[in-house]
Structure formats: structure tokens, C-alpha cells
Amino acid sequence: MDQTTRILAIETSCDETAAAVIENGTTILSNVIASQIDLHAQYGGVFPEVASRRHIEVIHPVVMQAMNEAHMGFDDLDCLAVTQGPGLVGSLLVGVNMAKGIALGRHKPLLGINHIEGHIYSLWLSRKAAEIEFPILTLVVSGGHTELYLMTDHGRYKHLGGTLDDAAGEAFDKVGRVLGLPFPGGPAIDKAARLGNPNAYQFPRAVMEDGFNFSFSGLKTAVLRETQKHPGSMRLNDLAASFQAAVIDALVTKTERAAAAHGVTAVHLAGGVSANSGLRQAMSEQISVPVFYPPPILCTDNAAMIGAAAHWHYVNGRRNSLDFDVIPSLQLA
Ligand code: KG4
Ligand code: ZN
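As C-alpha cells, this is what we get:
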């Protein structure tokens, strides 16, 4: 019997239209991502209605390209997977309806997958799966989330803490706008920060109380106040470096605290902000257990990670009926 499992995964939760074919939960046969960043840059953020319309335009060619690059027909698939939430309702609907159409037409099972769980499983595409040993601490840092999860087995998560206000990526994007940088702010601040002095400004760290929660809105306001003090003569690189250092400090402090408290074998970083070069370096230097992160293409939104997460559900026998709905505020644990 052929033990190989092939899954076509679709991801449309925000501003990337993506499809991928994943083999055995760990091998990427294709990974197609149509980014809408250029489209939304003129608005300084993701415009939900514009995003869903663009998803409708490109979803079919993106899926067909993923199948072609994997040299596969729909009948070769074992299962389909699609992001069910969290995300923008109109965007999620486009992916879910496309996936349902293929599953129904080809008599294939379809699994609805949590987008955050997808980010967590991007590490199974980035490390040797056989070397991954539970328990693991995963820090998911993206545009919408800053969450610490203790993972004790496949599909078993304990939410240790998260942001009380802005997500880390959201703070990068908002501060990027204040500094006059192009959208999204994260990569632009990362680049500017490399040329600046991280100690030029002492921004608040918000490493409050004993728990594992985060807060970034005070930091964002502090940067805004600093820029208003000297309009016209902003030290852009120093502001970027000092802001980034404050975000990294808070993330590293809480992550180390959680890693020590729970005796994990490793720390996994996932989500768009885990592409940040300063964060990767600080985590690798300051965390007491080995730290792993995905290559940049698997940090930001993609469908390969959705296929990797779906694999473990599929082999554990989970099946959905096809009448499930999108859940824009879906929780993981
Ligand atoms: O995971 P993702 O693609 O989407 C969500 O699920 O939210 O993350 C997008 C976020 C944006 O806020 C973007 O500014 C941030 O990831 N980001 C970065 C970097 N690259 C992307 N933030 C800091 N440094 C980067 N190099
Ligand atoms: Zn994401």
C-alpha cells in the first residue's frame, strides 16, 4: 500500500492568495503565493473588500499553478485543506468555497485548519521532523497575533500568554507609518534598524507582571511622541533601531521565562515578525534552549504551512463534513 500522503492546501485569510501541495506533512511539492502587498500599500494597510475581490480573481490560477508545479492531478490527492480562520471573513470565504468545490467535485476529504496552527507547523517544513521533540514552546508573532503556546504533542496546545493590545506585527506596521516608511512596516523597520543605534532612545519595555502576556500599544505611542518632539529632523534609523530593540526585549524576556518554567526542548518562532533579523539573532543568543525559525518565505502567510498542519489531523483520522463555515475569530486553545 502507498503510505505517501499528499494534501492540496489553500490559504486566503488575509492578503496572500496561496496554494501548496505537501507530501507527508514535511515535503513541499509546490508553494505558490500571490501577494497583494502592492495593491494595499496605497491604503497603508490591508483593505478587506479589495483583498477579497483580488482573492476571487487569482484563486483559480494560483491553485492550478500549485497542482502543475507538483506535477499532479486532483485525483492524485489524498485530502484538501483550507484555512477556516482566524482572518478576514470575505477573504476566508474565497479559499473555503474554492476548496469545497474541488473536494465535492473530486470526492476528496477536506479539513478546515486554524491559521495559527498553520504558522506553528511551518517548523515541520523547516526542521528535520524526526528531530522535533515535545514539549516545545512556540512564539507566534504576526500581523494579527503575538501568542506563546506550549505544545505537548501534535495538536495539543496550552496558551500561555499573548498580547493584551496590538500584535507585534501591527506595532511594526503602525510605527512604520509614523516613520513614513512603506507598508508593511516590519521589513522596512528591520532594514532601517540595521543602520541605527538601538540605545539612542529608551522606549518602554512593558515587561510587566509575572505572566507571559505582552503589550505594545504604549511603545507605539512613545515612538509617536518622540517623532512629534522634533518634526522635520527625525533620526529615522535610530528610532527604528530603538523601537525594534524594545519589541525584541519584551519578546525575548517572556519567551525565556516561559521556556524555563516549562522545561521545553526547543523554542520555535513563527509568523511574519519571525523573519526579523534582530529578533532571530537575539533569540538565538539569549534563549537557554535551541531556537528554530522558518526561512522567510514560510514566516509570512503561505499555504504550505496549512498543508503541514492538516497532515497530522489527516493521519489521526480527523474528517470534516463539507458544510463547515469560516470562523473569523477562531481560537486555537
Ligand atoms: O504572518 P503574516 O504574514 O500575517 C499574519 O498572519 O498577520 O505577518 C505579517 C506581519 C506584518 O505585520 C509585517 O510587518 C510583519 O509580519 N513582518 C515583519 C518582517 N517581515 C514581515 N516584521 C518585522 N520584521 C520583518 N522582517
Ligand atoms: Zn499569518
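Under this note's numbering, the first residue of the sequence shown is numbered 1121, with each subsequent residue one higher. Ideal placement from N, C-alpha and C gives every residue a C-beta, glycine not left out. Owing to the predicted nature of the structure, the values given are computational and were not obtained by experimental measurement.
Who are residue i's beta bridge partners in DSSP?
i: residue 1150; result: 1141
i: residue 1182; result: Looking at the DSSP assignment, residue 1182 forms no beta bridge with any residue, so it has no partner.
i: residue 1199; result: 1127
i: residue 1412; result: 1388
i: residue 1217; result: Partner(s): none; residue 1217 has no beta bridge.
Output needed for residue i: all residues of its chain with C-beta closer than 8 Å, excluding positions within five of it in sequence on either side, in chain order.
i: residue 1319; result: 1362 and 1365
i: residue 1442; result: 1220, 1223, 1224 and 1230
i: residue 1309; result: 1292, 1295, 1296, 1299, 1301, 1360, 1363 and 1364
i: residue 1125; result: 1143, 1144, 1145, 1198, 1199, 1431, 1434 and 1435
Are the Cβ atoms of residue i and residue j separated by less than 8 Å?
i: residue 1134; j: residue 1210; result: no
i: residue 1245; j: residue 1148; result: yes
i: residue 1360; j: residue 1313; result: yes
i: residue 1286; j: residue 1248; result: no
i: residue 1426; j: residue 1205; result: no
i: residue 1267; j: residue 1260; result: yes
i: residue 1431; j: residue 1144; result: yes
i: residue 1255; j: residue 1372; result: no
i: residue 1347; j: residue 1298; result: yes
i: residue 1203; j: residue 1165; result: no
i: residue 1282; j: residue 1306; result: no
i: residue 1334; j: residue 1374; result: yes
i: residue 1136; j: residue 1155; result: yes
i: residue 1397; j: residue 1414; result: no
Looking only at its own chain, which residues have a Cβ that is under 6 Å from the Cβ of residue i, when we skip the five neighbours before and after it?
i: residue 1399; result: 1368
i: residue 1138; result: 1131, 1153, 1422 and 1423
i: residue 1304; result: 1293
i: residue 1378; result: 1257, 1268, 1280 and 1332
i: residue 1264; result: 1287
i: residue 1420; result: 1392
Taking only three categories from DSSP, how would you classify residue i?
i: residue 1341; result: helix
i: residue 1155; result: strand
i: residue 1269; result: strand
i: residue 1247; result: coil
i: residue 1407; result: coil
Between residue i and the rest of its own chain, which residues show a CB-CB distance below 7 Å, the 5 nearest in sequence each way excluded?
i: residue 1214; result: 1132, 1172, 1175, 1176 and 1179
i: residue 1258; result: 1240, 1269, 1271, 1388 and 1390
i: residue 1150; result: 1140, 1141, 1186, 1189 and 1190
i: residue 1338; result: 1324 and 1326
Comparing the CB of residue i with every heavy atom of the ligand SAH, is any distance shorter than 7 Å?
i: residue 1396; result: Ligands displayed in this structure: the ligand KG4 and the ligand ZN; the ligand SAH is not among them.
query: For the ligand ZN, which residues count as neighbours when the test is a C-beta closer than 6 Å to any heavy atom?
result: 1235, 1239, 1262, 1391 and 1421
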